[in-house]
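Single-structure report; data block below.
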Amino acid sequence: MDTTSSIKRKNTRQILVGDVPVGGESAPNSAIHDTTKTSDVDATCSRFIH
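This is the structure in structure tokens:
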């Protein structure tokens, strides 16, 4: 069953984060698999902010 067609997305403006397009008609780009505990905010954030 394909449920993605029933999800309504807010119409947004596309911007670039670095060289990655985000928003607008862009497909979701994040595919990060984190091994830190999400309750450890500092460790979790350090995985995404380089």
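Numbered per numbering that gives the first Met the number 0, the sequence shown spans residues 0 to 49.
All C-beta atoms, glycine included, are put in the ideal place defined by N, C-alpha and C.
The structure presented is a predicted model; accordingly, all values stated were derived computationally and were not measured.
- Beta-bridge pairing by DSSP links Ile14 to Val21.
- By the CB criterion at 7 Å, Arg8 and Gly22 fall outside the cutoff.
- For Ser38, the three-state secondary structure derived from DSSP is coil.
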